[in-house]
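Let me begin by presenting the structure, written as structure tokens, before commenting on it.
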Amino acid sequence: CDVGDYNTEACGWDGGDCVVEGYENCHIHVLEHYWLGNGQCHGGRYNTEGCGWDGGDCVEFNKKYPDCYRGSVPEFDALRDTYPDRVGDGTCDGGESNTEACGWDGGDCVVEGY
-14 CDVGDYNTEA CGWDGGDCVV EGYENCHIHV LEHYWLGNGQ CHGGRYNTEG
36 CGWDGGDCVE FNKKYPDCYR GSVPEFDALR DTYPDRVGDG TCDGGESNTE
86 ACGWDGGDCV VEGY
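Using my numbering, you'd call the opening residue of the sequence shown number -14 and step up by one each time.
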């Protein structure tokens, strides 16, 4: 699977080389398929309907934080490297995680008493 210019609909997802078995609409590098359904929500291009919400790993995250890491351009969002597994992990990561939509990093950035 040549991820670059050939992993497009026009090129047949690199002649089918970039199609993950069981997730025909999941267009990731076929060697990265082991991330799907491995128990960790990876986000980005894995957390898409075509990839089964990262093989089911992101379903609960998406229910709890439906707008976390979602902007106004869904095509762009699917390509971004996001880290849903860091939300609520006990460390305030700041940045895109420290927003109301992400629950202030799943509560990690909330200061008690304020």
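For every residue, glycine included, the Cβ atom is placed at its ideal position computed from N, Cα and C.
Within 8 Å, strictly: CB atoms of residue i and residue j
i          : j          : result
residue 53 : residue 39 : no
residue 28 : residue 69 : yes
residue 86 : residue 50 : yes
residue 80 : residue 93 : no
residue 35 : residue 11 : yes
Cutoff 8 Å; reference residue i; Cβ partners in own chain excluding five residues on either side
i           : result
residue 123 : Limits of the chain in this structure are -14 at one end and 99 at the other, which puts residue 123 out of reach.
residue 71  : 78, 82 and 90
residue 95  : 89
residue 47  : 32 and 38
Same chain, Cβ closer than 7 Å to residue i, neighbours up to 5 away in sequence not counted
i          : result
residue -9 : -1
residue 97 : none
Other residues of its chain near residue i: CB distance less than 6 Å, five sequence neighbours each side excluded
i           : result
residue 105 : Any question about residue 105 goes unanswered here, given that the chain covers just -14 to 99.
residue 84  : none
residue 4   : -2
C-beta neighbour in chain C for residue i, strict 8 Å
i          : result
residue 54 : Among the protein chains of the structure shown there is no chain C, as only one such chain exists.
Just to confirm the assignment: which complete beta strand (DSSP E) runs, minimum length 3, are found wholly within the region 1 to 27?
The qualifying runs do not exist here; there are none.
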